[in-house]
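> What follows is a single structure, and I will ask about it in a moment.
Protein chains: 2
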Amino acid sequence: MAEKALNILELKNNNRYRILDLLRYEPLSRAEVSLKTGLAKSSVTTLVNEMINEGILLELGPARKNGTAGRTRILLDINGSYGFVLGINLHRKRISVAAVDIKGKELWSFTLPTGDITTIEALELIKKTLPKKLAETKLNIKNLLGLGVSAPGPLDCEKGVILEPPNFKLFNNFPIVEALKKEFGCPVVLENDAVTLALAEHSYVKKQIGSSLFVTVSNGIGGALLKNGDIYGGSHGIAGELGHISIDPFGEECPCGNRGCLEQYATLSALKNRFDIADSVELTSENSQKGKAAFDFLINTMGTALVGAVNLFDLDTVILYGEFDNDTEKITAALEEYIKSHSVICRVHPVKVVPSGLKRGSSAFAAAIPAINYFFNNSV
Amino acid sequence: MAEKALNILELKNNNRYRILDLLRYEPLSRAEVSLKTGLAKSSVTTLVNEMINEGILLELGPARKNGTAGRTRILLDINGSYGFVLGINLHRKRISVAAVDIKGKELWSFTLPTGDITTIEALELIKKTLPKKLAETKLNIKNLLGLGVSAPGPLDCEKGVILEPPNFKLFNNFPIVEALKKEFGCPVVLENDAVTLALAEHSYVKKQIGSSLFVTVSNGIGGALLKNGDIYGGSHGIAGELGHISIDPFGEECPCGNRGCLEQYATLSALKNRFDIADSVELTSENSQKGKAAFDFLINTMGTALVGAVNLFDLDTVILYGEFDNDTEKITAALEEYIKSHSVICRVHPVKVVPSGLKRGSSAFAAAIPAINYFFNNSV
DNA sequence: CATAATTAGTTTTAGCCTTGAACTAATTAT
DNA sequence: ATAATTAGTTCAAGGCTAAAACTAATTATG
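Protein chains in written order, with my numbering: chain H, 11 to 390; chain D, 11 to 390.
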């Protein structure tokens with residue numbers, strides 16, 4: 011209700027966006043689009059045929075519905091080759107880049123190790139490398155429909171500025187969005203990396219219905235909150251900071267200012283230090299006592315933070331992405347059990363904890379998603 | 011993006027609702043409405059004049075803008091006497107009811123002590139008492155535009171059912187919305203009590219911009235999350251359960267299943283038991299050592315939970331409502347200080363902690379708000 | 001195998017909504 | 001007193017969607 015009123019000119023666009031948004035998840039016939047949007051069949055015909063002429067949509071050809079009479083449907087699909095976007099993930103020690111077509115297909119990706127580079131140097135690196143790579147892979151910059159940038163920690167997405175991230179000095183307070191917009195002449199959107207991963211999971215792995223929390227575990231612990239596929243961004247687009255939930259107010263001091271933050275306990279490196287284990291495999295090994303202790307510790311600490319999140323957010327799904335590749339199922343099952351027995355809400359609505367369907371190293375791909383979203387509906 | 015597409019018939023209604031929604035907060039002229047909605051002046055004229063004819067809007071008469079040339083504005087306002095709604099707050103030991111006109115003015119309210127009553131008896135009591143009171147106060151049931159019901163704890167707002175609340179057996183799993191709809195023949199909406207209070211604060215005390223958490227402290231501790239005035243309801247409309255955030259995983263068992271829940275520490279009765287203090291006055295008294303200890307304890311426990319909420323939600327305001335009437339400013343100031351020094355986000359965006367502007371005992375009034383919202387925009 | 005039934009998609013006409021421009025109305029600036 | 005400014009209205013024009021009647025393509029049925 012807070013947005014501007016719709017004038018009649020925006021109405022058409024609005025309905026076009028709605029149709030596109032439906033087709034992003036699965037090919038549908040005109041009849042099905044009509045049913046799902048509530049628009050009249052005739053309106054769908056008009057809008058769809060316009061978009062086919064413009065090249066955004068494709069007809070996939072006839073497709074039979076099993077065991078029904080009547081004319082065969084003609085499935086519609088987004089035309090992937092209409093254009094593409096670039097995703098750039100900024101990381102403490104590397105920058106990774108991916109090209110993704112508007113259907114969500116990754117065209118290529120690569121990683122640049124950066125080491126101790128300055129902001130200006132990093133920007134120059136991006137400016138030089140991207141056009142070269144585009145030329146090599148025969149992608150025309152004219153078809154570049156947008157650019158998504160993701161980074162850890164607090165950002166100001168509206169202003170397009172990365173804000174003093176802990177353990178991350180690159181691009182500190184630098185107006186990266188403005189700089190890239192100027193260079194590449196396309197829309198540029200900045201988003202938290204956990205947010206982009208959550209959106210990627212929702213759009214291209216499994217549509218998230220209801221309220222879900224996407225948790226990333228690597229150097230730090232990040233999180234992003236989704237409600238029916240929309241990000242809940244909080245006041246400054248930095249909601250979901252699970253890593254700095256205090257699970258022990260008398261615990262060690264954390265660089266963030268708080269004490270006993272989850273991030274100090276439940277990352278792989280923290281567990282390695284505390285329990286002297288070798289790797290994530292040892293966590294779920296039957297033979298290692300140290301591994302078992304570390305596993306229990308992980309479940310208790312992470313579980314405590316998640317119970318808080320479940321109670322506050324009324325979650326029904328928690329998605330885990332990151333370091334604990336090995337036997338993720340065992341970890342998610344244990345966390346689910348922990349939450350079930352420690353949350354009020356769960357007595358009524360059980361929470362599912364599942365591993366992310368995204369493969370590791372999807373950050374650059376994920377960074378591209380907000381740019382695709384922006385293309386499809388002018389909003390991240 | 012998830013809703014249905016707009017057909018042209020809904021467009022008009024949509025714009026009417028937008029205009030009404032603007033006028034709920036302050037009287038505006040047609041020109042200002044045009045500016046704020048983006049609708050053409052001529053469209054505003056048409057829509058507004060229609061609504062004046064229908065009796066929903068009123069012209070307040072000419073009003074000068076200070077120091078500008080031109081014709082005087084004619085301020086528009088919601089017509090309070092167009093109709094009213096009833097709010098019913100269900101509490102462990104009482105039911106309170108309020109009549110509120112659609113401008114948000116409380117017409118009357120009263121409280122029924124219920125004691126150990128059964129669900130059926132309580133329902134009968136409501137069915138009998140309300141029409142009697144309406145007749146007494148000369149309110150015509152024809153002008154009853156809606157009915158809002160609020161209750162503590164987990165609910166299923168969509169289905170209109172109160173779900174096994176802890177410490178609250180009344181209406182347990184009872185389809186209250188259906189029953190009342192049948193009896194009174196108007197829309198009935200069910201909402202969590204903290205949610206209704208948050209909406210009341212937003213609509214009739216101070217418009218909440220950004221992300222805010224409304225915290226209620228009484229027998230238990232509840233919470234509701236607002237983003238630009240819209241409730242973030244979570245998966246089942248029960249987000250914000252601050253009271254069962256664990257602040258000590260090794261603490262006492264809570265009836266909810268978790269351990270060391272905030273609710274076990276930071277309510278007035280918990281503090282009374284733990285520190286042997288007399289009342290909330292003692293908390294902020296200069297002379298009481300016990301009071302000081304209790305105060306510090308309150309700030310630390312509540313602060314810990316709030317830091318978690320701030321980090322997860324990226325809050326910029328926390329609003330406190332409830333038991334700590336005495337010297338609330340001192341408590342909010344201390345909490346603000348605690349959060350400032352314990353949250354990552356706050357280093358970038360300071361969080362404000364403020365006492366609610368609602369007077370105590372606003373539950374029934376607040377319960378009516380979702381019904382008003384429903385009247386204005388068909389959504390809670 | 002022909003006809004009916006069913007489902008998909010298109011064409012065309014009509015109606016509704018918003019708009020923009022030109023207007024009236026009411027006030028201040030000079 | 002006249003110009004400038006802001007508020008609000010009227011009305012013709014244009015754009016979007018809807019509904020109905022249509023064509024198209026397939027399965028069910030005897």
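For every residue, glycine included, the Cβ atom is placed at its ideal position computed from N, Cα and C. Remember, it's a predicted structure, so these values are computed and weren't measured experimentally.
#1: Of all Cβ atoms in chain D, is any one closer than 8 Å to the Cβ of Y331(H)?
#2: Taking the straight line between their C-alpha atoms, what separation do you get for A210(H) and I231(H)?
#3: Mind checking whether P197(D) and Y27(D) have CB atoms under 8 Å apart?
#4: What are the partner residues of N202(D), as DSSP defines its beta bridges?
#5: Only counting runs of 4 or more residues, tell me where the alpha helix (DSSP H) segments fall wholly within the stretch 308-369 of chain H, in order along the chain.
#6: In three-state terms, what does DSSP make of L33(H)?
#7: Evaluate A208(H) with the Cβ neighbour count: other Cβ atoms within 10 Å of its Cβ, from every protein chain shown; 16 or more gives buried, anything less gives exposed.
#8: Measure the CB-CB distance between I136(D) and I98(D) and report whether it falls below 8 Å.
#9: Just by C-beta distance, which residues in the stretch 297-331 of chain D are closer than 9 Å to chain H?
#10: According to DSSP, is P259(D) part of a helix, a strand, or is it coil?
#11: For C271(D), which beta-bridge partners are listed by DSSP?
#12: Assign E69(H) to one of three DSSP states: helix, strand, or coil.
#13: Is T17(H) close to chain D, meaning its C-beta is less than 8 Å from at least one C-beta of that chain?
#14: Are the C-beta atoms of Y348(D) and some chain H residue less than 8 Å apart?
#15: Apply the 10 Å Cβ neighbour rule to V199(H) and answer buried if 16 or more other Cβ atoms are within range, or exposed otherwise.
#16: To the nearest angstrom, report how far apart L157(H) and A204(D) are at their CA atoms.
#17: Is A12(D) close to chain H, meaning its C-beta is less than 8 Å from at least one C-beta of that chain?
#18: Under 7 Å Cβ to Cβ from G65(H), same chain only, skipping five residues before and after it: list those, please.
#19: Between the beta-carbon of V95(H) and the beta-carbon of A374(H), is there less than 8 Å?
#20: Should the stretch 221-228 of chain H be regarded as contacting the stretch 182-191 of chain H, the criterion being three or more beta carbon pairs within less than 8 Å?
#21: Please list, in chain order, all residues of the same chain as K191(D) whose beta carbon is under 6 Å from its beta carbon, the five residues on each side excluded.
#22: Beta-carbon of S221(H) versus every beta-carbon of chain D: anything under 8 Å?
#23: Leaving aside the five residues before and after S119(H) along the sequence, list all residues of the same chain whose C-beta is less than 6 Å from its C-beta, in chain order.
#24: Which bits of chain D does I88(H) rub up against, with CB to CB less than 8 Å?
#25: With DSSP as the reference, identify every bridge partner of L49(H), one or two as the case may be.
#26: At 4 residues or longer, what runs of the alpha helix (DSSP H) sit wholly inside the stretch 110-171 of chain D?
#27: What residue range does the beta strand (DSSP E) around I231(H) cover?
#28: Measure from the C-beta of N202(D) to each C-beta in chain H and report whether the shortest distance is under 8 Å.
#29: Would you kindly work out how many angstroms separate the C-alpha atoms of E13(H) and G301(D), rounded to a whole number?
#30: Against G195(D), what residues of chain H qualify as contacts under a CB-to-CB distance less than 8 Å, listed in chain order?
#31: Do E346(D) and K362(D) have their beta-carbon atoms positioned less than 8 Å apart in this structure?
#32: Would you tell me roughly how many angstroms separate the C-alpha atoms of Q299(H) and D240(D), rounded to the nearest one?
#33: Following the continuous beta strand (DSSP E) through R83(H), name the residue where it begins and the one where it ends.
#34: Taking P185(D) as the query, report the chain H residues whose CB atoms sit under 9 Å from its CB, ordered along the chain.
#35: DSSP state of N23(D), grouped into three classes?
#36: Does chain H have any CB closer than 8 Å to the CB of V199(D)?
The structure says:
#1: As a working mapping, residue 331(H) is identified with position 321 in the first sequence. So no, Y331(H) is outside the interface.
#2: For the purposes of this step, residue 210(H) is taken as the residue at position 200 of the first sequence. For the purposes of this step, residue 231(H) is taken as the residue at position 221 of the first sequence. Cα to Cα, A210(H) sits roughly 18 Å from I231(H).
#3: As a position in the second sequence, residue 197(D) is number 187, starting the count at 1. As a position in the second sequence, residue 27(D) is number 17, starting the count at 1. For P197(D) and Y27(D), no; Cβs fall outside 8 Å.
#4: To locate residue 202(D), count along the second sequence from 1; it is residue 192. N202(D) pairs with A161(D).
#5: Along the length of the stretch 308-369 of chain H, whole alpha helix (DSSP H) runs at least 4 residues long occupy 338-352 and 354-358, reported in chain order.
#6: Residue 33(H) sits at position 23 when you count from the first residue of the first sequence. Annotated three-state conformation of L33(H) is helix, per DSSP.
#7: Stepping through the first sequence from its first residue, residue 208(H) is reached at position 198. In this structure A208(H) is buried. Its beta-carbon is surrounded by 16 or more other beta-carbon atoms within 10 angstroms.
#8: As a working mapping, residue 136(D) is identified with position 126 in the second sequence. As a working mapping, residue 98(D) is identified with position 88 in the second sequence. Taking 8 Å as the Cβ cut-off, I136(D) and I98(D) qualify as a contacting pair.
#9: Residues of the stretch 297-331 of chain D that bring their beta carbon within less than 9 Å of a beta carbon in chain H comprise N310, T311, G313, T314, A315, V317, G318, A319, V320, N321, L322, F323, D324, L325, D326 and T327, in sequence order.
#10: On the second sequence, position 249 is the one that residue 259(D) refers to. Coil at P259(D), not helix or strand.
#11: One-based indexing of the second sequence puts residue 271(D) at position 261. In DSSP, C271(D) forms a bridge with S256(D).
#12: Counted from its first residue, the first sequence places residue 69(H) at position 59. Here E69(H) sits in strand by DSSP.
#13: One-based indexing of the first sequence puts residue 17(H) at position 7. Reading off the sequence shown, one finds Asn at residue 17(H), where the question assumed Thr. Yes, contact with chain D.
#14: Taking the first residue of the second sequence as 1, we reach residue 348(D) at position 338. The Cβ of Y348(D) sits no closer than 8 Å to any Cβ of chain H.
#15: Looking up residue 199(H) in the first sequence gives position 189. Label assigned to V199(H): buried.
#16: On the first sequence, position 147 is the one that residue 157(H) refers to. On the second sequence, position 194 is the one that residue 204(D) refers to. In a straight line, the C-alpha of L157(H) is about 41 Å away from that of A204(D).
#17: Position 2 of the second sequence, counted from the start, is the residue given in the question as residue 12(D). Note that A12(D) scores a pLDDT of 35, beneath 50, so its modelled location is shaky and nothing firm can be said.
#18: Taking the first residue of the first sequence as position 1, residue 65(H) is located at position 55. Leaving aside the five residues that flank G65(H) on each side, the residues in its chain whose CB is nearer than 7 Å to its CB run, in chain order, N89 and Y92.
#19: Taking the first sequence and counting its residues from 1, one reaches residue 95(H) at position 85. Taking the first sequence and counting its residues from 1, one reaches residue 374(H) at position 364. Contact flag unset, no.
#20: Contact fails: fewer than three Cβ-Cβ distances are below 8 Å.
#21: Position 181 of the second sequence, counted from the start, is the residue given in the question as residue 191(D). The answer, listed in chain order, is V198.
#22: Residue 221(H) sits at position 211 when you count from the first residue of the first sequence. So, interface residue.
#23: Along the first sequence, one-based indexing puts residue 119(H) at 109. Excluding positions up to five away in sequence, the list reads A108 and A374.
#24: The residue given as residue 88(H) occupies position 78 in the first sequence. For I88(H), none of the residues of chain D pass the 8 Å Cβ criterion, the least Cβ distance being about 15 Å.
#25: Here residue 49(H) corresponds to residue number 39 of the first sequence, with the count starting at 1. DSSP lists no partner for L49(H).
#26: For the stretch 110-171 of chain D, the full-length alpha helix (DSSP H) segments reaching 4 residues or more read 129-146 along the chain.
#27: Walking along the first sequence from the start, residue 231(H) turns up at place 221. Counted as a single uninterrupted DSSP element, the beta strand (DSSP E) harbouring I231(H) occupies residues I231 to K237.
#28: Translated into positions along the second sequence, residue 202(D) becomes position 192. Taking CB atoms only, N202(D) has no neighbour in chain H less than 8 Å away.
#29: The sequence position of residue 13(H) within the first sequence is 3, counting from 1. The sequence position of residue 301(D) within the second sequence is 291, counting from 1. With a pLDDT of only 49 at E13(H), under 50, the local geometry of the prediction cannot be trusted, and the value read off the model is given with reservation. Whole-angstrom Cα-Cα distance: 48 Å.
#30: By one-based count along the second sequence, residue 195(D) stands at place 185. Here the premise fails: no neighbours, minimum Cβ distance about 27 Å.
#31: Locating residue 362(D) in the second sequence gives position 352, where the first residue counts as 1. Locating residue 346(D) in the second sequence gives position 336, where the first residue counts as 1. Contact: yes.
#32: Reading the first sequence from its first residue, position 289 is the one you call residue 299(H). Reading the second sequence from its first residue, position 230 is the one you call residue 240(D). One C-alpha to the other measures close to 49 Å.
#33: Here residue 83(H) corresponds to residue number 73 of the first sequence, with the count starting at 1. Taken as a continuous stretch (DSSP letters only), the beta strand (DSSP E) holding R83(H) covers R83 to I88.
#34: Translated into the one-based positions of the second sequence, residue 185(D) becomes position 175. Going along chain H, no residue has its Cβ under 9 Å from P185(D), so there is no contact; the nearest lies around 16 Å.
#35: Taking the second sequence and counting its residues from 1, the one referred to as residue 23(D) is at position 13. Shown here, N23(D) sits in a helix according to DSSP, grouped into three states.
#36: Position 189 of the second sequence, counting from 1, holds the residue named residue 199(D). The beta-carbon of V199(D) is placed no less than 8 Å from the nearest beta-carbon of chain H.
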